[in-house]
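J.: Before I ask anything, here is the structure I am working with.
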Amino acid sequence: MRKTEREQDLCEARSPLGPVESSLSSLPMSVPGPLPTVFTRHERTFGNFRFVYPVVSRRAGGVSIGVNLNPDKICNFDCVYCQVDRRELPGRVFVEIDRLREELHAAIRLVRQGELFLMDKFVDTPVSLRCLRDIAFSGDGEPTTFTNFEQICQLAAEVRRTERLDDIKLVLITNASMFHRPGVQRGLAILDENGGEIWAKLDAGTEEYFQKVARTSIPFRRILDNITEAARVRPLVIQSLFMRLNEQVPPPEEITAYCERLTEILNAGGRIKLVQIYSVARPPAESFVTALSPQELEAIAAQVQSRTGLTTAVYP
């Protein structure tokens, strides 16, 4: 279904940043399973926006407005399953605060007025998901590595108040590598005060498997300590992606160790409100990475529940 000329004009006239669909990527996507395209195309580009991009998120349960603080594609992890193409880096990109604010307001209006769902990429969005659920710090790298992360948290909180989005979350999707930094801790406190929620990545139970997946110089212990300390302050969501590596499922002992790490966090006083268990849904960086089946993910979730007592949610 394509928009009529009147609908196209309406989208362009109401957006203060001009046409918002013309530069969307049209590259074909091939993903495992029967997921609709609206769930599997999460490009960080949206028209001539530079830092903001809406997606329809299964985990959010609707529209998530992404904030990309790493348009330079620099990340301190090099995850084997990441879909960001880092073969060509654009160079250092400065995040313009005023433009980011303008793009957030514009994206919120597109969702509220329904114009987002007139665009080709979003036209097949199920009616039940045509609602704004969160503003999420995510993008092409680890958002907490951004120098002015605290300032961006404050900006998002101000936009949320101005737009009267009291029921909308501010979500930080993070690898938890920088939680020990004072500036990041101040940013997390701002999120706590403004409907914030932290989704912390934990994809392994052992140092060896962690390095195989994340390919980083950061030790696994730092990630575990950071998650534990943050979870002592507020309940966290743990996001865990499991996959096949060279056609091999995660070893049983690795899943056991993963459950043990979750238990250690709980025993140290950390609070975990949910464990999200999911697999590859978009083309990954490495061809040797493929998705687990829904049944395999459900089996991991069942083991997590039985060993830790935590609530899980599975996203095949």
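Residue numbering for the sequence shown is 2 to 317, as defined by this note's numbering. Here a beta-carbon is modelled for each residue, glycine too, at the ideal position from N, C-alpha and C. In this text the structure is predicted, and so the values were computed from the model without any measurement.
Compare the beta carbon distance of residue 215 and residue 78 with 7 Å and say whether it is the shorter of the two.
T.: As a working note, residue 215 is residue 214 in the sequence shown. As a working note, residue 78 is residue 77 in the sequence shown. Yes, the pair counts as a contact, with Cβ atoms nearer than the cut-off.
J.: Is it true that the stretch 119-133 meets the stretch 151-160, where meeting means three or more beta-carbon pairs spaced less than 8 Å apart?
T.: With the rule of 3 Cβ pairs closer than 8 Å, the stretch 119-133 does not count as touching the stretch 151-160.
J.: Determine the closest residue to residue 288 out of 65, 59, 58, 82, with distance taken between C-alpha atoms.
T.: One-based indexing of the sequence shown puts residue 288 at position 287. Checking every option, the nearest Cα to that of residue 288 belongs to 82.
J.: Three or more C-beta pairs closer than 8 Å, one from the stretch 261-269 and one from the stretch 57-69: is that the case here?
T.: no
J.: Taking the straight line between their C-alpha atoms, what separation do you get for residue 126 and residue 116?
T.: Sequence index remark: in the sequence shown, residue 126 carries index 125 (1-based). Sequence index remark: in the sequence shown, residue 116 carries index 115 (1-based). Those two C-alpha atoms are separated by around 12 Å.
J.: So residue 69 is in the beta strand (DSSP E); what residue range does that whole segment cover?
T.: Reading the sequence shown from its first residue, position 68 is the one you call residue 69. Per DSSP, residue 69 belongs to the beta strand (DSSP E) from 63-69.
J.: Using the beta-carbon count (16 or more within 10 Å), is residue 301 buried or exposed?
T.: Taking the sequence shown and counting its residues from 1, one reaches residue 301 at position 300. The residue in question, residue 301, is buried, as its Cβ has 16 or more Cβ neighbours within 10 Å.
J.: Go through its chain and collect everything with a Cβ distance to residue 197's Cβ below 6 Å, but skip five positions before and after it.
T.: Stepping through the sequence shown from its first residue, residue 197 is reached at position 196. These residues qualify, in order along the chain: 171.
J.: Does the count of Cβ pairs from the stretch 224-244 and the stretch 184-204 closer than 8 Å reach three?
T.: yes
J.: When we look at the beta-carbon of residue 124 and count the other beta-carbons within 10 Å, is it buried (16 or more) or exposed?
T.: For the purposes of this step, residue 124 is identified with residue 123 of the sequence shown, where counting begins at 1. With fewer than 16 other beta carbons inside 10 angstroms of its own, residue 124 counts as exposed.
J.: How far does the alpha helix (DSSP H) with residue 125 in it extend, from its first residue to its last?
T.: The residue given as residue 125 occupies position 124 in the sequence shown. Element bounds for residue 125: n/a, residue is neither H nor E.
J.: Starting from residue 246 and walking both ways along the beta strand (DSSP E), at which residues does that stretch end?
T.: The residue you call residue 246 lines up with position 245 of the sequence shown. It spans 244-246 - the beta strand (DSSP E) in which residue 246 sits, taken as one unbroken run.
J.: Check each candidate in 164, 315, 121 and name the one with the smallest Cα separation from residue 239.
T.: Locating residue 239 in the sequence shown gives position 238, where the first residue counts as 1. Ranking the options by Cα distance to residue 239, first place goes to 315.
J.: Give me the Cα-Cα distance between residue 113 and residue 258, rounded to the nearest whole angstrom.
T.: Against the sequence shown, residue 113 aligns to sequence position 112. Against the sequence shown, residue 258 aligns to sequence position 257. Going from the Cα of residue 113 to the Cα of residue 258 covers about 44 Å.
J.: With a threshold of 16 other CB atoms inside 10 Å of the CB of residue 144, please say whether the residue is buried or exposed.
T.: Walking along the sequence shown from the start, residue 144 turns up at place 143. Buried, because 16 or more other Cβ atoms sit within 10 Å of the Cβ of residue 144.
J.: Is there contact between the stretch 101-109 and the stretch 229-239, where contact requires at least three CB pairs shorter than 8 Å?
T.: no
J.: State buried or exposed for residue 55, treating a residue as buried only when at least 16 other CB atoms are found within 10 Å of its CB.
T.: Locating residue 55 in the sequence shown gives position 54, counting from the first residue. Burial call: buried.
J.: When the distance is taken between beta carbons, is residue 234 closer than 7 Å to residue 276?
T.: Position 275 of the sequence shown holds residue 276. Position 233 of the sequence shown holds residue 234. No, these two residues do not count as a Cβ contact at 7 Å.
J.: Counting C-beta neighbours from all protein chains within 10 Å, is the total for residue 141 16 or more, i.e. buried, or is it exposed?
T.: Locating residue 141 in the sequence shown gives position 140, where the first residue counts as 1. Residue 141 should be labelled buried.
J.: Residue 232 and residue 188 - do their beta-carbons sit closer together than 7 Å?
T.: Start at 1 with the first residue of the sequence shown, and residue 188 comes out as number 187. Start at 1 with the first residue of the sequence shown, and residue 232 comes out as number 231. No, they are not a contact pair.
J.: The beta strand (DSSP E) with residue 279 in it runs from where to where?
T.: The residue you call residue 279 lines up with position 278 of the sequence shown. It spans 273-279 - the beta strand (DSSP E) in which residue 279 sits, taken as one unbroken run.
J.: Can you give me the C-alpha to C-alpha distance between residue 221 and residue 120, rounded to a whole angstrom?
T.: In the sequence shown, residue 221 corresponds to position 220, counting from 1. In the sequence shown, residue 120 corresponds to position 119, counting from 1. Computed Cα separation, rounded: 42 Å.
J.: Please determine, among 122, 192, 186, the residue with the shortest C-alpha to C-alpha distance to residue 162.
T.: Translated into the one-based positions of the sequence shown, residue 162 becomes position 161. Of the listed residues, the one whose Cα sits closest to residue 162 is 192.
J.: Could you tell me which of 164, 137, 167 sits nearest to residue 175, measuring between CA atoms?
T.: Numbered from its first residue, the sequence shown carries residue 175 at position 174. Closest by alpha carbon: 137.
J.: Which residues in the same chain have their Cβ closer than 8 Å to the Cβ of residue 274, if we skip the five residues on either side of it in sequence?
T.: Here residue 274 is taken as the residue at index 273 of the sequence shown, counted from 1. If we look at residue 274 and ignore the five residues flanking it on each side, its Cβ neighbours are 236, 237, 238, 312.
J.: Span of the beta strand (DSSP E) holding residue 133?
T.: Locating residue 133 in the sequence shown gives position 132, counting from the first residue. Taken as a continuous stretch (DSSP letters only), the beta strand (DSSP E) holding residue 133 covers 133-139.
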